[in-house]
Structures are given as C-alpha cells and as structure tokens.
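Remarks on the structure that follows.
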Amino acid sequence: MAPNKPKNIFINGPITPAFIAESIQKHSSKKSIGAHQLFLGQVRADVLPQGAITGIEYSAYETMALNIAYQISEDAFAKFNLTCMHIYHSLQTVEAGQICLFVFTSSSHRFDAVNACSYVVERIKAELPIWGKELFADNTYIWKKNLI
Amino acid sequence: MAPNKPKNIFINGPITPAFIAESIQKHSSKKSIGAHQLFLGQVRADVLPQGAITGIEYSAYETMALNIAYQISEDAFAKFNLTCMHIYHSLQTVEAGQICLFVFTSSSHRFDAVNACSYVVERIKAELPIWGKELFADNTYIWKKNLI
Amino acid sequence: MALINIICFGPLSDLMITTTCEANDLSSLKLQLEDTYPDIKKYTYNMAVNQRILTACLLNDNDTVALLPAYSGG
Amino acid sequence: MALINIICFGPLSDLMITTTCEANDLSSLKLQLEDTYPDIKKYTYNMAVNQRILTACLLNDNDTVALLPAYSGG
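From first to last, the protein sequence lines are chains A, B, C and D. Under this note's numbering, the first residue of the first sequence is numbered 1, with each subsequent residue one higher. Under this note's numbering, the first residue of the second sequence is numbered 149, with each subsequent residue one higher. Under this note's numbering, the first residue of the third sequence is numbered 297, with each subsequent residue one higher. Under this note's numbering, the first residue of the fourth sequence is numbered 371, with each subsequent residue one higher.
Here it is, written out as structure tokens:
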C-alpha cells in the first residue's frame, strides 16, 4: 500500500550497505512477496579537466521533493501491483564509490517490481528538485548536469 | 569483465541480507560504477489446498547449471556495457520470506545495469536446470511449477 | 505590490540573489530578477510558486517563489 | 549396446528410475525408459546427453543422460 502522506526520503550522507540489508530484512515477514527489485545509484569518480570527482554534495527543495516523491509513489501503486515501495536519496556529501539513491520495489510476481522500479527511477531523475555539486580534491566544484 | 570460467553460483540455504550488503560493499572500490540493479527472488508462503508453503527445497543439475550460467554471463557482457555481474541461487531449503535468487548487475550508466538485470533473470528462469520442491507443514511437498 | 519570498537552488544559489522581492505577478518578477541579476539568464530554469511549477500567475503577500534550474539528483 | 548413466531431476527423481541402462541411441533409450516407467510420460521433459540438450543422437559407453522436467528455479 502507498503511504497516506509524504514520508521522508532523505538521508544525510551516503546510503550504507547495512541500511540496505536492514531494508531487505524487514521484508522477510511479508510472505506474499516473491520479487524485489533494487536500484542503487553510486557516485562515480569521473575524471574531468579539474581532476577526478571526489564526491557529490546534494541539496534539495526538500518539502517540494517529498510531495513529488509521494505523488510518484501513489502513481506507482496505481500503475503496478506492488506490495511495497521505498525511495531514499542522500543529502549532503556522498563520496565516490558510495550510494546516493536507493529505490526498492516488491511484488508477488517479478513483472510488477521490475517495471515499477524503472518507472520510479526515471521519474525521480526527471522530477525531484535535487541538485548535485561535483567536488574536486582542490576544493573546487561544478554543478552536476544529468544526461537527458 | 566476464569471468573466464564458470564460477560457483550456488549457496546452500537462503541468501542473507548480510551477504547482499557485503556484495554491495565490495563494489565501492569500483569508481566507474554509477548504477547497480539487484533482483531478489523471495520464497512466497502461497496457500494451496495442502496449506501454506513453509519453504522450498531446491536441487539442481549443478555442473550443467554452472556452465549455462557462465554462458548467460558471457552473453550479458557481450550485449550490455557492464562493469560487474553476479548470480547467486540457493540450493537446499529456503523458508518462506527468505531469499533464493540474487542477480546483481553494475554499469556506469543505468540503462545497461537495468536492462542486463532483467535479461539475466529471464534467462535464469528459462534455462537453469534447477527445481524447487514446495514444502508444507505436514511434511508433504509438491514440485513447484513456474509460470511460463 | 505583493511581498514575495525568493529561494534559489543548484547553480542559482551561487548568484547571491535577494531573498525578498516586490511584484504583482510571476512574469514581472522574472523580468525584475533577470534585470538585477543578469547571470540568471545563463540558466534554463523553472519557477515554482508555493511548490507548484507555474509559468504565469498573480502573486500574493508571503508567496514563496523558487528558482529551479535543471535537476541533477540520483 | 552402450552402457549409459541415467540421472533424473525434479519430479522425475521421485520415480525410482534406474541409474544405468543399455541403449544405442537417445530415441530408443527414451522408448525403453517410458516402457519400463510409464509415469515418465506424465511429464514434459528434455534429455541432456553429457549436459547438452539433444533430441536425437547415438550413445557411447559412459555417456550420462539426464532427464530434465520443466525447470522451476528462482
């Protein structure tokens, strides 16, 4: 079921493997689930003329982002036969190699979890008012531009 | 890169959240990765005329399954621009609510990880010689039939 | 004239844009800001009034207008 | 006649099928098994000779023929 009001999706700093494991573990009591799909966004150490990216500092229009994330969640539950859906996005600094986005969909049969996960990831990238500042070792930065 | 010979994909008993967390953690040193896609198969407690399924006991034609998994892996690396790919499947008993299949694909940009993951899951279900025995509380069982 | 709160995000947050402004409607606010801070025009951005992205509307006292350049989350 | 190893999986493993058999080719082996264990015919299954799924082939001593009913992994 979709939550009936916006819940927090933001985590300060990286999303840890331990947090992901805990999320998975919590679903072991939901015995109608047959399939989970997880998408994880990881910060790349892309090399630009300024050097290699050491991390990304995320900021967001938080209240607006939570309302839109809620709408995306409601739409996903209307469109797919889901048991659960969770979205987590980092704020503040996430180092290269660490995880900044975690989308988790679960359903009885794999079609719904698989397709809902991609649907949600695409909408998050397009619609959530979140910005990344790519950080370099020399304390300079450039604002991240997502591929369209 | 695809491994150059079949590696073991089988785990006796359930695939634990801790094992999944460890797999994710290992990829934090691969700093060209921007996206991970994980598929997890979880055993459902479906209710049949015999009662609710308490677990599934998996068996496989192991050597043949490893060779086919290797071929699937090679094909996935040829078809998608992947950094890493891992397949794990349980043997023996996995209880309802526990995880029996873990497919993990990673790439720089999300398209490849997302599409490779589904490609690999579909081929695993269709091609790996693995069988599940659905167990009931009264010690009876029926052989699992996958939806086509 | 309505007294409007202005908030800026992403690269627009680097431009030291005012946090309050007087305007009657969104179009005139946009012109006024671009006139005062011409660097804004280097960016493609949307404007949200009280969290809703709009292209034109009348403004009231205490409305919050956010300047939203292209998102780069994920 | 070649001496063949037989292995059975999934529901076919419940039928107590012999682990060795003499046969010259896959088709005659199949007929022979279905004749001795008619319950096999209740299942749709493939046959793998030394891990390769084949529908017809000559058999040699020590070949391993596996009876593979529909898979149900995952």
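The beta carbon of each residue, even a glycine, is placed where N, CA and C say it ideally should be.
Is there at least one Cβ from chain A nearer than 8 angstroms to residue i's Cβ?
| i | result |
| --- | --- |
| Leu322 (chain C) | no |
| Ser266 (chain B) | yes |
| Ala344 (chain C) | yes |
| Ile168 (chain B) | yes |
Which residue's Cα is closest to the Cα of residue i: the options?
| i | options | result |
| --- | --- | --- |
| Ala116 (chain A) | A:Thr16, A:Gln50, A:Glu74 | A:Glu74 |
| Phe136 (chain A) | A:Ile11, A:His27, A:Thr54 | A:Thr54 |
| Lys281 (chain B) | B:Ala208, B:Gln173, B:Thr164 | B:Ala208 |
| Gln25 (chain A) | B:Ile181, B:Ile163, B:Lys174, B:Ser176 | B:Ile163 |
| Leu329 (chain C) | C:Gln347, C:Thr340, C:Thr314, C:Ala352 | C:Thr314 |
| Leu396 (chain D) | D:Leu437, D:Ser442, D:Gly444 | D:Leu437 |
| Gly444 (chain D) | B:Leu214, B:Tyr236, B:Lys227 | B:Tyr236 |
| Met297 (chain C) | C:Pro365, C:Lys338, C:Arg348, C:Asn358 | C:Asn358 |
| Lys338 (chain C) | C:Val361, C:Cys353, C:Leu350, C:Leu311 | C:Leu311 |
| Phe111 (chain A) | B:Pro165, B:Trp279, B:Val269, B:Pro197 | B:Val269 |
| Trp131 (chain A) | C:Leu299, C:Thr360, C:Ala319, C:Tyr341 | C:Tyr341 |
| Gly306 (chain C) | A:Asp46, A:Tyr58, A:Gln37 | A:Tyr58 |
| Asn394 (chain D) | D:Pro439, D:Leu424, D:Leu373 | D:Leu373 |
| Thr63 (chain A) | C:Thr351, C:Leu325, C:Cys353, C:Val345 | C:Val345 |
| Ala69 (chain A) | A:Ala52, A:Ala45, A:Phe102 | A:Phe102 |
| Val262 (chain B) | B:Ala226, B:Leu214, B:Ser180, B:Leu186 | B:Leu186 |
| Ser230 (chain B) | B:Ser180, B:Asp286, B:Gly199 | Checking the displayed sequence, the identity of residue 230 (chain B) turns out to be Leu instead of Ser. When only C-alpha atoms are compared, the closest one is B:Ser180. |
| Phe19 (chain A) | A:Asp138, A:Gln98, A:Ile56 | A:Gln98 |
| Asn139 (chain A) | A:Gly51, A:His109, A:Ala78, A:Arg123 | A:Gly51 |
Please tell me whether residue i has its Cβ less than 8 angstroms away from any Cβ of chain C.
| i | result |
| --- | --- |
| His89 (chain A) | yes |
| Asn8 (chain A) | no |
| Asn67 (chain A) | yes |
| Met85 (chain A) | no |
Can you check whether the C-beta of residue i is within less than 8 angstroms of a C-beta belonging to chain B?
| i | result |
| --- | --- |
| Tyr441 (chain D) | yes |
| Pro408 (chain D) | no |
| Gln421 (chain D) | yes |
| Ala76 (chain A) | no |
Is the separation between the beta-carbon of residue i and that of residue j shorter than 8 angstroms?
| i | j | result |
| --- | --- | --- |
| Gly161 (chain B) | Thr241 (chain B) | yes |
| Cys232 (chain B) | Lys178 (chain B) | yes |
| Ile336 (chain C) | Leu355 (chain C) | no |
| Ala274 (chain B) | Val191 (chain B) | no |
| Tyr141 (chain A) | Ala76 (chain A) | no |
| Pro17 (chain A) | Ala169 (chain B) | yes |
| Leu239 (chain B) | Tyr441 (chain D) | no |
| Cys391 (chain D) | Ile377 (chain D) | no |
| His175 (chain B) | Ser255 (chain B) | no |
| His184 (chain B) | Leu40 (chain A) | yes |
| Leu66 (chain A) | Asn146 (chain A) | no |
| Phe80 (chain A) | Ser23 (chain A) | no |
Return no unless some Cβ of chain D is closer than 8 angstroms to the Cβ of residue i.
| i | result |
| --- | --- |
| Ser221 (chain B) | no |
| Ser171 (chain B) | no |
| Tyr209 (chain B) | yes |
Mind checking whether the beta-carbon of residue i lies closer than 7 angstroms to any heavy atom of the ligand FMN?
| i | result |
| --- | --- |
| Phe228 (chain B) | What this structure holds is no ligand at all, so the ligand FMN is not there to describe. |
Residue ranges of each beta strand (DSSP E) within the stretch 87 to 124 of chain A, 3 or longer: 99 to 107
Where the stretch 426 to 439 of chain D meets chain B: residues whose CB sits under 8 angstroms from a CB there: Ala436, Leu438, Pro439
Complete runs of the alpha helix (DSSP H) confined to the stretch 318 to 367 of chain C [at least 4 residues]: 322 to 332
Residues, ordered as in the chain, of the stretch 29 to 56 of chain A that lie near chain B by beta-carbon distance below 7 angstroms: Ser29, Lys31, Ser32, Ile33, Gly34, Ala35, His36, Gln37, Leu38, Phe39, Leu40, Gly41, Gln42, Arg44, Ala45
Contacting positions in the stretch 262 to 294 of chain B - beta carbon closer than 7 angstroms to chain D: Ile272, Lys273, Leu276, Pro277, Ile278, Trp279, Gly280, Trp291, Lys292, Lys293, Asn294
Contact list for the stretch 240 to 264 of chain B against chain D, Cβ threshold 8 angstroms: Cys248, Leu249
Contained beta strand (DSSP E) runs [length at least 3] in the stretch 167 to 211 of chain B, N- to C-terminal order: 183 to 190, 199 to 208
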